[in-house]
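The structure under discussion appears below in the form of structure tokens.
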Amino acid sequence: MFESHTEPMLDQPSFRRRVARHGRIAFSLVAISLAIGMAGFHWLASESWLDAYLNSAMLLGGMGPVASIEGAGGKLFAGLYALFAGLVFLAAGAVFLAPILHRWLHRLHLEEARRGR
Numbered sequence: 032m033f034e035s036h037t038e039p040m041l042d043q044p045s046f047r048r049r050v051a052r053h054g055r056i057a058f059s060l061v062a063i064s065l066a067i068g069m070a071g072f073h074w075l076a077s078e079s080w081l082d083a084y085l086n087s088a089m090l091l092g093g094m095g096p097v098a099s100i101e102g103a104g105g106k107l108f109a110g111l112y113a114l115f116a117g118l119v120f121l122a123a124g125a126v127f128l129a130p131i132l133h134r135w136l137h138r139l140h141l142e143e144a145r146r147g148r
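If you count the sequence shown from 1, position 93 lands on 124 in this note's numbering, and the numbers rise without skipping.
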């Protein structure tokens with residue numbers, strides 16, 4: 032997916048396209064997860080769509096649910112979604128930062144290779 036350590040660094044326009052592509056992937060992952068959370072809170076916890084959005088967004092952001100959840104199905108979903116949301120948050124951050132960190136490490140490796148190490 033990324034260039035090898037023996038290849039030259041990617042030019043700026045291509046790098047920007049790569050970062051934008053990874054940003055779209057991360058955004059899509061969060062948006063799909065938000066939709067899953069909204070559907071679950073709406074149907075399993077009997078919340079309005081607005082409250083379902085708020086609880087889903089707060090869990091994806093790491094803050095926790097806003098309102099108290101009623102019913103066993105809603106509570107079970109809220110717990111499972113909270114675990115899922117934590118993983119999605121980390122995965123989306125990793126997907127977005129991967130090309131940036133790769134470029135930084137690639138640059139360090141090229142500088143090291145120029146110095147003959």
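C-beta atoms are modelled at their ideal positions from N, C-alpha and C, and glycine is treated no differently. This structure is a prediction, so every number in the text was calculated from the model and none was measured.
A distance below 8 angstroms separates the beta carbons of His53 and Phe127. Ile63: member of the alpha helix (DSSP H) spanning 43 to 75, first to last residue. In the structure shown, Ile100 falls within a coil segment according to DSSP collapsed to helix, strand and coil. Annotated as distal: Arg134 and Phe58, with beta-carbon spacing of 8 angstroms or more. For His73, the CB contacts under 8 angstroms within the same chain, skipping 5 residues up- and downstream, are Ser79, Trp80, Ala83 in chain order. Ala76 sits close to Ala109, with the two beta carbons spaced by under 8 angstroms. Assigned with DSSP and collapsed to three states, Gly105 falls in helix. The shortest CA-to-CA distance from Leu65 to any of Leu41, Tyr112, Leu136, Ser35 is the one to Tyr112. Spanning the alpha carbons of Ala116 and Pro39 requires a straight line of approximately 37 angstroms. Per DSSP, Met89 is one residue of the alpha helix (DSSP H) stretching across 80 to 91.
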